Amino acid sequence: MSAIDIHGVTRRFGALQALDGVELAIAQGEFFSLLGPSGCGKTTLLNIVAGFLAPTSGSVVIGGRDITRLPPHQRDIGMVFQSYALFPHLNVFDNVAYGLRVRGQKGSEIATRVNDMLALVRLSELAQRMPHQLSGGQQQRVAIARALAIRPQVLLLDEPLSNLDAKLRREMQAELRRLQRDVGITTVMVTHDQQEALGLSDRIGILGSGHLQQVGTPLQLYREPANRFVGEFVGQANLIPARDEGGGIFAATGHSSAAGVPLRLASDASPTTAPLFLLRPERIALAEADGIASGPNSVEGVVREASYAGAELHLTVALDGGGALSVAATEGLFAALPQPGVRVRLSWQPSDLALLPADGAPA
Amino acid sequence: MSRAAGAGSPFAWLLLTPGMLFLAAFLVVPGVLLVMLSLRDVDGMLMMLPSYGFSQYLKVFTSAGYLDALLTTLWVAALTAILCVLLAWPAAWLLVNTRSRTWRTVLYVILISPLLTSVVIRTFAWIVLLAQNGLVNDVLRKLGLIDAPLALLWNMKAVIVAYVQVMLPFAVLPLATSLGEIPAALPRASHSLGAGARHTFLHVILPLTIPGMMSGAIIVFALAAGSYVTPLLIGGRLQPLLPINIYQQALQIANLPLAAALSLTLLVVTAAVAAAMSVVQKNWERRVYGH
Chain L
1 MSAIDIHGVT RRFGALQALD GVELAIAQGE FFSLLGPSGC GKTTLLNIVA GFLAPTSGSV
61 VIGGRDITRL PPHQRDIGMV FQSYALFPHL NVFDNVAYGL RVRGQKGSEI ATRVNDMLAL
121 VRLSELAQRM PHQLSGGQQQ RVAIARALAI RPQVLLLDEP LSNLDAKLRR EMQAELRRLQ
181 RDVGITTVMV THDQQEALGL SDRIGILGSG HLQQVGTPLQ LYREPANRFV GEFVGQANLI
241 PARDEGGGIF AATGHSSAAG VPLRLASDAS PTTAPLFLLR PERIALAEAD GIASGPNSVE
301 GVVREASYAG AELHLTVALD GGGALSVAAT EGLFAALPQP GVRVRLSWQP SDLALLPADG
361 APA
Chain E
364 MSRAAGAGSP FAWLLLTPGM LFLAAFLVVP GVLLVMLSLR DVDGMLMMLP SYGFSQYLKV
424 FTSAGYLDAL LTTLWVAALT AILCVLLAWP AAWLLVNTRS RTWRTVLYVI LISPLLTSVV
484 IRTFAWIVLL AQNGLVNDVL RKLGLIDAPL ALLWNMKAVI VAYVQVMLPF AVLPLATSLG
544 EIPAALPRAS HSLGAGARHT FLHVILPLTI PGMMSGAIIV FALAAGSYVT PLLIGGRLQP
604 LLPINIYQQA LQIANLPLAA ALSLTLLVVT AAVAAAMSVV QKNWERRVYG H
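From first to last, the protein sequence lines are chains L and E. Quick note: the first sequence uses the working numbering, first residue 1, plus one each step. Quick note: the second sequence uses the working numbering, first residue 364, plus one each step.
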């Protein structure tokens, strides 16, 4: 039995279809992320699970109990808000104790539980502080301790790291993963940050325009995107439409290696009409131009843009016959960084080309 | 706000000058004159003598009548403030939770429009309602609920009812501001932790509106403690309220030094109570928000 079952959840706001028939099963103890661009419906879905919004149709089942019609306070859900939503008039201890006091637990039990939770998030010394005296990262940890204190069946995280600076975000990401593993609680996180989702999640659901576009492990989403939306949203991608020429050779329709000569791709993909290939920028090998005529999966071009991003170098290479490819190269490979105007040779393996269903095919 | 016009710059002081001059001319100077007036002695015919002393204050603090009036004034003002804050809750809640901008504007206009009318006019409206042959008695008699008209005017209850009506907006506005500043995520967090609407109201919403309730209570308290038109018209000149005593001493008996001493006594006591409430409010804000 799944920890969370979402059946045919649809939500309309007037004329806007925010969610359209979402089907999703989340396993016990799983860290699941809902990832998508803003306005994709991910927050709507989280609010439906939390009970702050009712679905237009469909149902939400948690631990075998249909909670679709239950108000939020009867759902047994822990939630961490984007703004942390700590009660400003209560100190750290009382914030964490809030849900336990609602349940009418004894004072000694509450003290034990709160101290355990504060030890878990490593904030024991700050129990008497007021929220305004805490840093963002500390407030975040109090919010997590408060949500976990009530031993909820499910933990919901709404963009939990988006208000932290980059360094702290990486630290909290590791902390969050450690806490989730230690407690073993089924967790659903909403985020627009794919690094966060890829780094934390057991599985990710990509939401786009109210539909679940693909559900899979981070590696599956990256290596085998189900459609163009996922391919373009997760990571960087070169999308190359082509036509089948037989014998494992495909001719690109938008990229040309020389005037009138299509870029030729060698792939093990089974032949389809109008295939669309996805080629990750970091799978492309970069070499000095040698002027030799290009075979399949190899092409020469001129660097049009080069941007340096620390560990990686991002290049846009204009092909001689038209079209351009993005290339990501490890910075350490170069004595001098390639400058715009330099000619380079690009090449890749047949296995680097992922085949996407042609545009218009169902997700 | 730009730094150039910030506090401390010469330009800021220049901007403050007209206001400062106005305050000096119409608050500080009359205040000093009032203090000096209150220290004058009078003879048996209430004529002012050239000597100065504390005889007027001695009269205020040794007269059971004036001390009683002072306590009644404070008590009535406090009761008015409490009633206003209680009655402000539904109105403030409605203002904050009205989604439509148009309706919210309409509600604000309804709330504020009484303030555009003079206190005298609003108080007269209560006389029209509460008089022996007024609307309330008429309706009750026609419904057969009473035989003889009730004496609704000329008592302290009527004064308090009128105070509450006149001063309610001053309690609603700060409460609505305070209520509107509570982030929507806080009640949601409370619900997610298992608290229903009642628990959330008592443990999250109510504590966080303490600053707004205190602001409203301070304003209403100060206004009610110093008001004389409403009690005079509705309660009559026999009510034991200090502002009525001051009015009588100043305008009917013409004992200006005693009126001045009574005024300053009322002013200092009211200011002390308001300051104490303000300290409570500021301490709360410092605890919760750190400033």
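We treat Cβ as the ideally placed atom computed from N, Cα and C, and that holds for glycine. Bear in mind that the values here come from a model prediction, so they are computed numbers and not experimental data.
If the five residues before and after V592/E are omitted, its C-beta is found closer than 7 angstroms to the C-beta atoms of V482, V483, T486, all from its own chain and listed in chain order. Distance from the CA atom of D20/L to the CA atom of P225/L, rounded to whole angstroms, is 21 angstroms. DSSP places E312/L in the strand class (E or B) of the three-state scheme.
Taking all protein chains in view, the Cβ of Q180/L is crowded by 16 or more other Cβ atoms within 10 Å, so the residue is classified as buried. Runs of the alpha helix (DSSP H) lying entirely within the region 449-529 of chain E and spanning at least 4 residues, in chain order: 464-475, 482-493, 498-505.
R151/L carries a coil assignment under DSSP once its states are collapsed to helix, strand and coil. The C-beta distance from A259/L to P241/L rounds to 19 angstroms, too long to meet the 8 angstroms contact threshold. Put simply, of Q349/L, V303/L, V302/L the residue whose alpha carbon is nearest the alpha carbon of G295/L is Q349/L.
Excluding sequence positions up to five before and after L53/L, its CB lies within less than 8 angstroms of the CB of R11, T44, N47, all in the same chain and listed in chain order. Between A558/E and chain L, the shortest Cβ-Cβ separation is below 8 angstroms. Three or more beta-carbon pairs separated by less than 8 angstroms link the region 84-92 of chain L to the region 545-552 of chain E, which places the two stretches in contact. From the beta-carbon of G321/L, no residue of chain E is found nearer than 7 angstroms; the closest lies around 55 angstroms away. With contacts defined by Cβ atoms closer than 8 angstroms, V342/L and V327/L do not form a contacting pair.
Sequence-distant partners of G210/L (beyond 5 residues in either direction) whose C-beta falls short of 7 angstroms from its own C-beta, in its chain, are Q17, A18, L19, D20, G41. DSSP places Y415/E outside any alpha helix (DSSP H); the residue lies instead in the beta strand (DSSP E), whose first and last residues are 411-415. The C-beta separation of T186/L from S33/L comes to about 13 angstroms, leaving the pair out of contact by the 8 angstroms criterion. A direct Cα-to-Cα measurement between M411/E and Y420/E gives close to 15 angstroms. At least one beta carbon of chain L lies nearer than 8 angstroms to the beta carbon of R551/E.
Proximity of V651/E to chain L, defined by a Cβ-Cβ separation below 8 angstroms, is satisfied.
In the DSSP assignment, G216/L falls within the beta strand (DSSP E) that extends over 211-216. Under the criterion of beta carbons closer than 8 angstroms, A580/E and L458/E do not qualify as touching, at roughly 18 angstroms.
Contact between W489/E and G598/E is ruled out by a C-beta separation of about 11 angstroms, above the 8 angstroms threshold. Annotation for N238/L: the continuous beta strand (DSSP E) segment containing it runs 238-244. Under DSSP, L319/L takes part in a beta bridge, and its partners are G301/L. Counting along the chain, S57/L sits inside the beta strand (DSSP E) bounded by residues 57-62. Here F229/L is buried, its C-beta having at least 16 other C-beta atoms within 10 Å. Chain L places no beta carbon closer than 8 angstroms to that of P413/E, leaving this residue out of the contacts.
Rounded to the nearest angstrom, the Cβ distance from V502/E to T443/E is 26 angstroms, too far for a contact under 8 angstroms.
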